[in-house]
Structure formats: structure tokens, C-alpha cells
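Residue numbers (my numbering), protein chains in the order written: chain A, 784 to 1109; chain B, 784 to 1109; chain C, 784 to 1109; chain D, 784 to 1109. From the three backbone atoms N, C-alpha and C, an ideal C-beta is built for every residue, glycine too. Remarks on the structure that follows.
Number of protein chains: 4
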Amino acid sequence: MPIPAANLYPPFNITRLSHVEYGVTDLAASRAFYVDILGLQVTHEDQSRVYLRAMEERGHHCIILRQSDTAGVSCLGFKLFDTPELDKAAAFFEGKGLPVEWIERPFMGPSFRTRDPWGVPLEFYVKMDRLPPIHQQYRLYNGVKPLRIDHFNMFSANVDEAIAFYGEMGFRVTEYTEDDESGRVWAAWMHRKGGVHDVAFTNGTGPRLHHTAFWVPTPLNIIDLLDLMSTTGYVANIERGPGRHGISNAFFLYVRDPDGHRIEIYCSDYQTCDADLEPIKWSLTDPQRQTLWGEPAPRSWFEEGSLFDGAEIRESDLKAQPIIAP
Amino acid sequence: MPIPAANLYPPFNITRLSHVEYGVTDLAASRAFYVDILGLQVTHEDQSRVYLRAMEERGHHCIILRQSDTAGVSCLGFKLFDTPELDKAAAFFEGKGLPVEWIERPFMGPSFRTRDPWGVPLEFYVKMDRLPPIHQQYRLYNGVKPLRIDHFNMFSANVDEAIAFYGEMGFRVTEYTEDDESGRVWAAWMHRKGGVHDVAFTNGTGPRLHHTAFWVPTPLNIIDLLDLMSTTGYVANIERGPGRHGISNAFFLYVRDPDGHRIEIYCSDYQTCDADLEPIKWSLTDPQRQTLWGEPAPRSWFEEGSLFDGAEIRESDLKAQPIIAP
Amino acid sequence: MPIPAANLYPPFNITRLSHVEYGVTDLAASRAFYVDILGLQVTHEDQSRVYLRAMEERGHHCIILRQSDTAGVSCLGFKLFDTPELDKAAAFFEGKGLPVEWIERPFMGPSFRTRDPWGVPLEFYVKMDRLPPIHQQYRLYNGVKPLRIDHFNMFSANVDEAIAFYGEMGFRVTEYTEDDESGRVWAAWMHRKGGVHDVAFTNGTGPRLHHTAFWVPTPLNIIDLLDLMSTTGYVANIERGPGRHGISNAFFLYVRDPDGHRIEIYCSDYQTCDADLEPIKWSLTDPQRQTLWGEPAPRSWFEEGSLFDGAEIRESDLKAQPIIAP
Amino acid sequence: MPIPAANLYPPFNITRLSHVEYGVTDLAASRAFYVDILGLQVTHEDQSRVYLRAMEERGHHCIILRQSDTAGVSCLGFKLFDTPELDKAAAFFEGKGLPVEWIERPFMGPSFRTRDPWGVPLEFYVKMDRLPPIHQQYRLYNGVKPLRIDHFNMFSANVDEAIAFYGEMGFRVTEYTEDDESGRVWAAWMHRKGGVHDVAFTNGTGPRLHHTAFWVPTPLNIIDLLDLMSTTGYVANIERGPGRHGISNAFFLYVRDPDGHRIEIYCSDYQTCDADLEPIKWSLTDPQRQTLWGEPAPRSWFEEGSLFDGAEIRESDLKAQPIIAP
Ligand SMILES: [Ca+2]
Ligand SMILES: [Fe+2]
Ligand SMILES: [Fe+2]
Ligand SMILES: [Fe+2]
Ligand SMILES: [Fe+2]
């Protein structure tokens, strides 16, 4: 099953991924992790929620931490290009028989909540409160110096179907992994904003959120984070890396927050805005696919993920195995 | 005169700046500079021309060096999103009474040449030969490790008019400098591809090309280039920097090629794809505007530029003076 | 007048430069600069003094800031190898007819204060309180992440005589600048600890302290400091750089503290422990001597320095002029 | 068994480690690895040997590659401070009943070959041909941009005895690992030149050479090397890293040459010249000892090493096990 052609004329115009809401079981502990270790900036907080933005973002938030009895993911947020897109987007989901619920969200204009066909809770909006720039307030930079949210990566029980659906919405594949035996797609990276991806899908029990990624200036910031986590009680939260991905060519580190939500720190992928960009194909058996330097990912990386609130999970029927560290 | 509102629905869809053709008076000397010092990759060359691409580009070329009796700039190239845009673009220029000439260019599909109202030679196309990726062939990285062409900066005798025209084409202002006294715009940065700019305009005798910029991975690559140029006979070609721009927040260096064409090496600006991104305004008298660290640019930087073939230049009527190094 | 041969068998064994005491006119302002901006760690403070160390130092302090009516430098401190060296050192100075005063200093064992023949106040000791390592407490790293004191640079009214005297004490010349016309030494860099220098001498009205330098991990930390100073009210305290020195090959930045005391941030010079290391000679007229990249130093850099308490200054009789920025 | 006190008055004065001679089974393949991948500079070569230096070294060579039927290590070289030290050093070894053979070596002055009590072949000299500096010839920098040889690390069947012997020669312990159960030293790092070590000893079947290390400017050069090796056919030669050592705090990578000789790329340890520097003690069971970030070393790293020519190996009687990757 080949990669479908890019849909250059999608039914509505998504600008980029925007934000995620995590349910966390100890808000103070999560705040400490995201603020004191990662270096995200608090833009609002109350008893039950902490809103955060990264250093070059002017939208009000890219993460919401919400106190909850159980860890989970409430929604993945996407910003639409302009006001007319909102109704077009709602119509698209309604046309698919998917639920569309108009919601009031603090710091955001009109928005609706829906789900993709596998139950992933999605949120679409055009306007979010805009804040003054802080990217030149260098005193505020802390931790890994996160600049912006970069992408979501999800476990999917059927990646071929996921890329068909997200492709219809205008996400374009930049790189993908094929299972040589079945010819099916094992993982795919899809973008809207001109980087390697806004969303990615990995074969596995799904839907679950594999990770949210933040863009940082250089690999040295990732080394700084490793040094910091290692000497402030977070050494066990380092899961994988640092390394360079074969896919995306990005420099990466994966860490786990206090609830196990996985955060990727990411930099130096490449520009993908050309409409005729050719997707790069990798074989699942290529040992440099995951890490250009040859180091396999640990088992946890392939098996653990965050549950989406209200979404039922199922095992993937594609049983092809990636290379896993012993 | 305020910045005009962004045109979110331009008459045709430009994806990004794409390429520039320089007339150079000693092709071998220019090739040495761009290939051996900057590290661009030759994709084709013959007696009269050298075609170059940067490390993450898959389009055939981002610079053409053409042997010429006089130094100059033959055209600035822009890539359109999809085939239908080509006719729409041509119609736009024809509708303005501007010349549209359909041309055959090696390595490119259908293209036309036109001029902006001040005579800047522009070239539009959809398809250029696509080459295999080399961004993971690390043995090829050399010089400053240029990743991609980033932007053009032009002297304009009337920046307000320039941003009105380019704004109509869908370029959106991210930052600008105002002359406090006259209230006129002294310089502006405008983008299509989601970075701080694809094109910028600076008040001065124009139209002339101020510089072409290349994106590199980190500030350390710029330091490497300085060390290399300083010890290979190019110390006099270093014009300004390294430094951090106030405007764009990018880390920069300006160098001059053997004909004096100015090349900027540039990294670490920020993402601008939000349609509601608020332009940042700077005062011409702010000493941190040019260089966040306070160092003014030298006189040559404000006065010297490359002539566009066939364009007549005139002095700007806005005489406001920037801060110039003694 | 050639560089004298290295004295491999000096009368006493100096391990390295160790510390400096600055008289400062506003202790709180100076503390803010050294602690909040540069990132030095306070090891002790009271009403009149702040003691600081850098991140990899285990000696109690490398700088003392002392509240004073006038800005000045009370002493330059040097650490001797072992206890017997202390008496040998005292005997050396007494043998030269120079004053030797045994002093009690907080946090230090037996020490004496003396002066070099031009009045520079020097302090020698063997033992200073040793503190627990903090180089792996990454949460404490701040500002430019200073790792250790690296060197002192002094204006000298007669550099030939200065290098003869310091050479007798076992400082070995690594690089020097000659005035081609007179054949005299215009500046020299001399080491004990195996880097390019512990002390340097520059021709000029002296003796005055030109600067104290701190070693940092990489050039990127210097860029971080520039960004921080530029956005916290210290942009006017940036004097020169960043750049790479021709001499020493180090990457540098010069900043001024609130009293004008000059601090160099410095990294990436080279190892010099070989006894047969050949000094590298530079011409005063070489434009790459000061900055490999060709940028001259500003006038202030050649003319301004800190007075040593109790030392009389005189003009140099060597009038050769370096290259000064316009 | 505690660490013995530093011997501040050794019988002869070693300046630093200097060079190593490797027997290699395919000289062309080894040359390609050390020159084209690591970036060492050839200073002499003939049919049977390639002499190499790093970028800031002025001594003729720090590695000799010698064509051989079997892979091995012919000698570890050390530079003495001054001519009189040569006879003192020879007398020291003769006094221990160890062999002293005066040898003629190309590019070196008077030298002798000896062995430590466990058979490690050592070479001492004062003068080696000095070459013009190349550290500012930036065009020559390649690969990982190696600046200088930094240290040797050896497997030792009795680390307590090794540090007693090398300590007597004036090597001073900076950090060490203790086996909590037996109280014996499991590994130790010892220096002469003012860094964390010139030599280190690790418990294991010995004597064998564990690795030779080269100093590079920054962690980014190590990332560059990983990218280069991964895309030029050397991915399988990457053994461990990148990471930060707990011990020494250095950033590291271990790679294997075509014969399996292990090379460490190393940067950013700390200054150790103080005679009263306190050794830092680590527990063998501390998971951050090897890698501050918690990643254990692979089994090969603990078990494989290079044989010294003519030295018999024996198993260590200390069976304490480090943490090994699964
Ligand atoms: Ca690993
Ligand atoms: Fe990711
Ligand atoms: Fe620019
Ligand atoms: Fe200095
Ligand atoms: Fe090592």
C-alpha cells in the first residue's frame, strides 16, 4: 500500500499543531517538571490547571496541565488559518459522522471539539489570546530553553488508515517507514507548517499519544537538559537519547514527565514547504532508521504511551517488529 | 503610514523564495568562494555557469553564478505552490501592466520572468528538477554548512510602496522599522514560508539587492566560517558580525563575495506561520535594532549593494539616517 | 631585544594565578553583575565584602569584591605549589629589596603581600579553604557559566622589563608582540599552569590591571552572555567582541563591570605545558593579531584600565601604536 | 585500602603523556580511519608507518600506526620536562629491576624503553621534533577536529598496585572508584599535566590498553563525528556514547578503529593543577559514575582491550562487577 498523494486542496486550512492538555495526578510535581526543568513559562495558573508557553510562542499556551485522578490526554489542539476555516472544519467532521461539540475555552475564541475516527480528541480554533513576545527576554530562558511546540506522535493501530484520514485534512507525508514484508506503512510523519511533521503515527496499540515534542535551539541545549535532569533527581526520567534520528535527521532526547507522559526535545530537522516534496521511505529493518548512529530504542519506547480520555484502544493487526534494544 | 494588514487571500500562492542568479566577473574565483568557503554543492556547471544547492535542498539550485563582464543580479526566483498558480501569477503582473515573458530555463519547468514596479527582475515557476537528498551525506558538509537559502534583502527607494506591492502578493510583515519623525517605514521583513522573511526591504538608493541569506545549523558554524575565511585569504571579505539581530532575533554574519555581492549567514529566527502574527515595530533610533548587542553596522552595509540587470536606480526620498559605526 | 629563554628552574614554584580583590563603589551593584549576570557563586559575604568562586573551583574564592570609596585593585593572588615555597618566595622578593608583609586573610592559610618592582600588589599563599565540588550541580550554572579564573592582563610601562621579572619567577612566554621598528616587546603572554597565560603584559601607562579573565565551556556561552546583558540593562557594558584572538587563538568577549573593571570571557586556547614550547611572535602591525577575523579593538580597550592600590603609574616610553578602531 | 597521598616530589618530572604506537593489520584502512574520519594530520609516512599529530600539537606525533601481522600496542610514550630528567627516570626504573633500553627513534632525541611492573611498554624522552603550529590553519580541520592527545586508560589486574607505582612517579589521583565491599580501588584517574588524567586504570584482565583519548573543542564536534561515521560506513565502529561521564565530568564518545583499538573522543573536564586537589571518590554501584545521565556501558567496553606487545595478561582477582548494559 503506497503512500497516498498529498492533498494540496484540503477541505479546510490547518496552520499547525497548537496545544495539548494533559491530565496529571500531581499538579505541583508536573509544574516543577515543565517549568523548572524544561523551562516552559507559566501564562496562567489556578488550583486545577497550569497553562504554559514556550519562549517564542505568542499564543497563550501550548500545554495545559490539569489536575486529575488519572493521567491522560484530554485533547490535541490545532490552529486554523482564518475564521471561515472553522465552519469548514466542523462540516468536514460532521460529514464523516464524527461528533462536533462547540466549546468555550479560557483564553481562546470559538472552538470545537471532535474526535478522529479512532477516538483521538481533537480541538480546532482560530484565535487564542496573543501575548507579548518574550523571545528576547533572555533572563527568562531556563532548562532546555524550549522555543515552541513542534509535533505530536501517536500510536495507531492502523497507520495506513491514519495517514489516509489526516492526509485528507491536508497533512503531507515527509518520511515514512514501510514493513517490507506486508508492504504496509509502519510509521509516518506528516506536516502542515513546513517542518518534518505536525503529527506522526507509529504502529502499535492505539490510539495513544506517544509523545509531544518541543523545538530547542541547538543540540547543546539538549546536553544541558541531560546534565540538569541528572543532577536534580530526574535521571530516571531520561528514556532515550540523545541521538540523531535517521528519519527527520533531527537531534533528539526523550524524557518522561512525572506521570510518564513522554516529551521529546527536538531540533534541526529540515524545511518541507515545497508542495512537490518527495516523501523519504525507510525500511523497518534499517538499523539507522530510528537513530542514525545505530542505537536502538528501548522496549518502553515502543510499548508505553498516554491514553486519550474517552478513546478505546485496540492492538494493531500489523505485527511487524522494529529493532528493540536488548 | 501604518503597516497594511496582511493579505491572507493573495491572488496567487507563493511557497517561498527559491533562487538568485548572480553575474560574476571571474567565475573560477566565485566558484571557489561559494563552494570551498561557503560549502555550497555544485549540481551542474559548464563554461559560463555554476549551479549550486545547499545541503537540505532538493530543488536543483538556489544560486546560479554566471560569468559576466559586469557584476549584477539577473533575477530573484520564487517557487509557486502548484501549477494553476503560474497563470494566476502571470495574470497578476499583466494586470499591473508589468512585463511577463515566458522563458525556458535549464532544470526548470514552465517559468516566466517579470519585474516589480521598480524594475526588480523576478522569476516564477512551479517545478524545478528535484535531486536526491544529501542532507545525511555528512562527508559533503563543508565551510559554513549551508542548509538552505533563506531570504533576499533589497534596498528600496520607497519601502512603504514596496511592502504594499509585496503585501498584495501575500508576503506578510513580521517586523519593521519606523522612522519616528515621518512615521514612514524605513525597513520591513516579509515572509511566505513561515520564517521571519523571504524578502526584506531597506530604505536606500534602489532597487538594489542588499543581500541573499543562507540558513546554517548553529552560531558555531558561523564562527567556523569566520575562522576559515580569516586563514584562507578572505579576511577582507568579512563585512559585519557575528552578532544577533534585534530584528528577527537571528544570529548573523555578512560576508562579501569576490564581486562584492553580499551574503548573509543566518540562523535561529522564529516561526511565523500564524495568520494573526503581530508585526513587531522598531524605532530607527533604537541602537539594538540592528544588533541586539549594540554594535552598529559599518557604512558600507548601508550604502553598498548589487545592481539588478536592467533596473534603474534612484535615491530614496526618505533621508532618515540609521546609526552607523564611526 | 629578544624574548629571554624560559627559566625552567625558578626560585619558587607558582602553581597558577588564583584570585583578585577589586575595590568597588557600590557593592550591591557589583554583586548583581558578577552573580546574576556572570554567574559566579557567592561563597561568603558580609557588609563590606563578597567572595566568589567559579563553577569548577574548589578554592574558596577567585574574586573578592570590597566596598570602597574608589574603584581599584587591592591585589593579584597566586597559589604556590607546597608549603616550603612560601618562604622561598618571600626570600626572593626580599632579595630584590621588595616589601614582604605577612598577612592574615580570611579563608586562607599563611600568606604574604608584596609588590613587583613597578608596584603591582601581589599576594602569595599555599592553602586556601577548600570547598566541596559544585561542577556537577548543574542547577547552579547561570549567566556565562564561568568555570575558573584564567588570567590577569596588565598594562606595563616597560613590557621587556616585566617579562624579565616575571620570567625569573618561572612564568614562560607563549606568545608575544614585537614592535618591528624598535625591536622591543609590545605585549607578552606568560603561563605557569599550562594554558596560554596566567599573566600578560600590554604596553601602556602602567602598572594598571587591564583585565581579569574567566574560562567558560564554549563560544555559545559567550553568545548567551551577550544576549543576557543586552536584555537586562547591561548593553553599554559590552566593550569588545565576540571574536577570536589571533594571539592565543581563544574565543573572547570583553565586558566592563559597574566600576569599569574589565572582565574577559575566554575559552579554547591551547595546552602549553611542554618546557620546549616555542613562543609565537606577532607583529604589532598585523591586523589579525588582536582579532583573527580582522576587527580592531576600540580605543577604550587600549587606554582604560584599573588602578592598583598604592601603585604609581607612568607612561610607557614605547610609543608604538597598535591598530585602533575608528 | 585508601588512595595514597600524592607524591609531590617524584624522582623525575614527567610533563605529560605524549604518544602511542599501534600495530595495525591494514595500514591503509587505519590511515583512512585516523585521517579521514578522526581528522588527525599526517606528519610522516612510509611503507610501514604513518605518524600523526592533532591540530594544536607541535611535537612530531602523538600516534604511530605501524603495519603489523597482529594488532597490538608497542608502547605508551611520555614526555619528560628537561634533559636531566631522562637519566633520573632511567635510574628509577633500573632501581626497580625493570629493563631500560636506550633506543633510537625517528623524529625523537634520546629515549629509553622500559616496562612497568606488569609489563606495559613505556617510552620516555625529552625532545621530539617540533613542527610549525597548524592550530590556526582552519582549512586543515577535519573529522572530529582533534586538538591533542589527552590520556591513556589501561585495564589493570590490580588497580591498587598500579596507582601505587604510578603515584610514586608523580601521577596524582583526581577521581577514583571504590568497591564498597572490599574497600579496594576499582578504577583510578591520575594526572601530570593538570587535567583529570594522563593515565587511568580500570579493574580487569590486564595489562591491556583500554583506550587512548583525544581532546576536541566542544560536544558538537563529537556529534559531527557521529554523523560522519554513521554515513561513511563506520556505524558499527561506534561503541558507546555520546554521554557525560560522572567521573571527570567530561563529554565523551568511544569508537573502535579497524583493528578494534578503542579511541575516546573527550572534552570539557576540569583543571587539576592544585597540589592539594582532593580526589573525588565514587562507588562502583553508583549508576551515574560511568555516565552522569545513567546509561550503562556495554559489555564490550568492560571486556575488550588492546594487548601490549610482549606483556602477559592475567585476570584480576577483584571480581566486583560494574553495572553493564543488558
Ligand atoms: Ca545510549
Ligand atoms: Fe517526535
Ligand atoms: Fe538578512
Ligand atoms: Fe586576556
Ligand atoms: Fe578516557
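* Asked: Going by the C-beta, is D:E1047 closer than 6 Å to any heavy atom of ligand 5?
  -> For this step, residue 1047 of chain D is matched to residue 264 along the fourth sequence. It does: the Cβ of D:E1047 is within 6 Å (strictly closer) of some heavy atom of ligand 5.
* Going by alpha carbons, who is nearest to B:G989 out of B:L848, B:F876 and B:L1101? -> Along the second sequence, read from residue 1 onward, the residue named residue 989 of chain B stands at position 206. Ranking the options by Cα distance to B:G989, first place goes to B:L1101.
* According to DSSP, is D:K871 helix, strand or coil? -> On the fourth sequence, position 88 is the one that residue 871 of chain D refers to. DSSP places D:K871 in helix when its eight states are reduced to three.
* To do: Can you pull the chain B residues whose beta carbon is under 8 Å from the beta carbon of A:H994, in chain order?
  => Taking the first sequence and counting its residues from 1, the one referred to as residue 994 of chain A is at position 211. Here the premise fails: no neighbours, minimum Cβ distance about 19 Å.
* Asked: Between the C-alpha atoms of D:V979 and D:M973, what's the straight-line distance to the nearest angstrom?
  -> Taking the first residue of the fourth sequence as 1, we reach residue 979 of chain D at position 196. Taking the first residue of the fourth sequence as 1, we reach residue 973 of chain D at position 190. Approximately 7 Å, taken between the alpha carbons.
* To do: Using only alpha-carbon positions, find the residue among C:M1012, C:R931 and C:P900 that is nearest to C:W998.
  => By 1-based counting over the third sequence, the position of residue 998 of chain C is 215. Per the Cα distances, C:R931.
* CB of A:A996 to nearest heavy atom of ligand 2: below 6 Å? -> Residue mapping note: residue 996 of chain A aligns to position 213 of the first sequence, counting from 1. Answer for A:A996: yes, Cβ within range of ligand 2.
* Measuring CB to CB, does C:N796 end up less than 7 Å from C:F907? -> By one-based count along the third sequence, residue 796 of chain C stands at place 13. By one-based count along the third sequence, residue 907 of chain C stands at place 124. In this structure, C:N796 lies away from C:F907, with their beta-carbon atoms at least 7 Å apart.
* Asked: Taking a cut of 8 Å between CB atoms, which residues from the stretch 1003-1016 of chain A lie near chain C?
  -> Cβ contacts with chain C: L1003, D1007, D1010, L1011, S1013, T1014 and T1015.
* Asked: Are the beta-carbon atoms of B:F938 and B:T985 separated by less than 7 Å?
  -> What you label residue 938 of chain B is simply residue 155 of the second sequence in a count that begins at 1. What you label residue 985 of chain B is simply residue 202 of the second sequence in a count that begins at 1. It is a contact, given that the beta carbons lie within the stated cut-off.
* Asked: Since D:V803 sits in a beta bridge, which residues does DSSP pair it with?
  -> Against the fourth sequence, residue 803 of chain D aligns to sequence position 20. Answer is D:I846 and D:L859.
* Starting from the beta carbon of C:L791, find every residue of chain D whose beta carbon is closer than 9 Å, and list them in chain order. => Indexing the third sequence from 1 puts residue 791 of chain C at position 8. For C:L791, the chain D residues whose C-beta falls within less than 9 Å of its own C-beta are F864 and D865, listed in chain order.
* Asked: So A:T826 and A:H843 are in contact, right, with Cβ under 8 Å, and what is the actual spacing, rounded?
  -> The residue given as residue 826 of chain A occupies position 43 in the first sequence. The residue given as residue 843 of chain A occupies position 60 in the first sequence. Contact flag correct, Cβ pair sits at about 6 Å.
* Asked: From what residue to what residue does the alpha helix (DSSP H) around D:G950 run?
  -> Here residue 950 of chain D refers to the residue found at position 167 when the fourth sequence is read from its first residue. Residues V942 to E951.
* Asked: Taking a cut of 8 Å between CB atoms, which residues from the stretch 832-847 of chain C lie near chain D?
  -> E839, R841 and G842
* Please indicate yes or no: does the CB of C:N986 lie closer than 6 Å to some heavy atom of ligand 4? => Locating residue 986 of chain C in the third sequence gives position 203, where the first residue counts as 1. No, Cβ of C:N986 sits at least 6 Å from all heavy atoms of ligand 4.
* Any heavy atom of ligand 5 closer than 6 Å to the Cβ of D:N936? -> As a first step, residue 936 of chain D is located in the fourth sequence; it is residue number 153 there, counting from the start. Because some heavy atom of ligand 5 lies under 6 Å away, the Cβ of D:N936 counts as near it: yes.
* Asked: In chain D, which residues lie with their C-beta within 7 Å of the C-beta of B:Y1117?
  -> Residue 1117 of chain B is absent from the structure shown; chain B starts at 784 and stops at 1109.
* Asked: Three or more beta-carbon pairs under 8 Å between the stretch 1037-1045 of chain B and the stretch 801-816 of chain B, yes or no?
  -> Judged by Cβ distances under 8 Å, the stretch 1037-1045 of chain B makes contact with the stretch 801-816 of chain B, as three or more pairs qualify.
* Asked: With distances taken from CA atoms, which of B:S1066, B:I1063 and B:N1020 is nearest B:I1046?
  -> The residue you call residue 1046 of chain B lines up with position 263 of the second sequence. Nearest of B:S1066, B:I1063 and B:N1020 to B:I1046, Cα basis: B:N1020.
* **Contacting residues, own chain, Cβ-Cβ under 8 Å from A:R1027 (five flanking each side not counted)** => For the purposes of this step, residue 1027 of chain A is taken as the residue at position 244 of the first sequence. Hits under 8 Å: A1033, F1034, F1035, T1074, L1075 and W1076.
* **chain D contact residues for A:P1109, given Cβ-Cβ distances below 9 Å** => Along the first sequence, one-based indexing puts residue 1109 of chain A at 326. Within chain D, the residues near A:P1109 are A1108 and P1109.
* To do: Return the chain-ordered ranges of every alpha helix (DSSP H) run that is complete within the stretch 882-950 of chain C and spans a minimum of 4 residues.
  => none
* To do: Give the secondary structure of C:R814 by DSSP, where H, G and I count as helix, E and B as strand, and everything else as coil.
  => Within the third sequence, numbered from 1, the residue matching residue 814 of chain C stands at position 31. In the structure shown, C:R814 sits in a helix (DSSP, three-state: H, G or I).
* To do: Report buried or exposed for B:E1061, applying the criterion of at least 16 other Cβ atoms within 10 angstroms of its Cβ.
  => Position 278 of the second sequence holds residue 1061 of chain B. Answer is exposed; the Cβ neighbour count stays below 16.
* A:C1056: contacting residues in chain B (beta-carbon distance under 8 Å) -> Along the first sequence, read from residue 1 onward, the residue named residue 1056 of chain A stands at position 273. Simply T798, R799, K976 and G977.
* From which residue to which residue does the alpha helix (DSSP H) around D:N1004 run? -> Working through the fourth sequence from its first residue, we reach residue 1004 of chain D at position 221. For D:N1004, the enclosing alpha helix (DSSP H) starts and ends at P1002 to S1013.
* C:R841 and C:P893 closer than 7 Å at C-beta -> In the third sequence, residue 841 of chain C corresponds to position 58, counting from 1. In the third sequence, residue 893 of chain C corresponds to position 110, counting from 1. Not closer than 7 Å, so no.
* Output the distance between the C-alpha atoms of A:P1000 and D:S965, rounded to the nearest integer angstrom. => As a first step, residue 1000 of chain A is located in the first sequence; it is residue number 217 there, counting from the start. As a first step, residue 965 of chain D is located in the fourth sequence; it is residue number 182 there, counting from the start. C-alpha separation (whole angstroms): 47 Å.
* With 16 other Cβ atoms within 10 Å as the buried cut-off, status of D:A788 -> Reading the fourth sequence from its first residue, position 5 is the one you call residue 788 of chain D. It counts as exposed.
* To do: Output the boundary residues of the beta strand (DSSP E) element that contains D:S1066.
  => The count along the fourth sequence starts at 1 and reaches residue 1066 of chain D at position 283. In this chain, the beta strand (DSSP E) harbouring D:S1066 covers I1063 to S1066.
* For C:W998, the first and last residue of its enclosing alpha helix (DSSP H) -> Counting from 1 along the third sequence, the entry for residue 998 of chain C is found at position 215. In the DSSP assignment, C:W998 falls outside any alpha helix (DSSP H) and lies within the beta strand (DSSP E) extending over R991 to W998.
* Asked: Using a Cβ-Cβ cut-off of 8 Å (strictly less than) and excluding sequence neighbours within five positions of A:E961, which residues of its own chain qualify?
  -> The sequence position of residue 961 of chain A within the first sequence is 178, counting from 1. Within the same chain, A:E961 has close Cβ partners R967, V968, W969, K1064, W1065, S1066 and L1067.
* What's the C-alpha gap between C:Q1104 and A:D819? -> Translated into positions along the third sequence, residue 1104 of chain C becomes position 321. Translated into positions along the first sequence, residue 819 of chain A becomes position 36. Spanning the two alpha carbons is a distance of roughly 51 Å.
* **7 Å Cβ cutoff, D:V999 in contact with chain A** => One-based indexing of the fourth sequence puts residue 999 of chain D at position 216. Chain A, which has no Cβ nearer than 7 Å to the Cβ of D:V999, makes this no.
* Any Cβ of chain D within less than 7 Å of the Cβ of A:V927? -> Numbered from its first residue, the first sequence carries residue 927 of chain A at position 144. Judged by the 7 Å Cβ criterion, A:V927 is not in contact with chain D.
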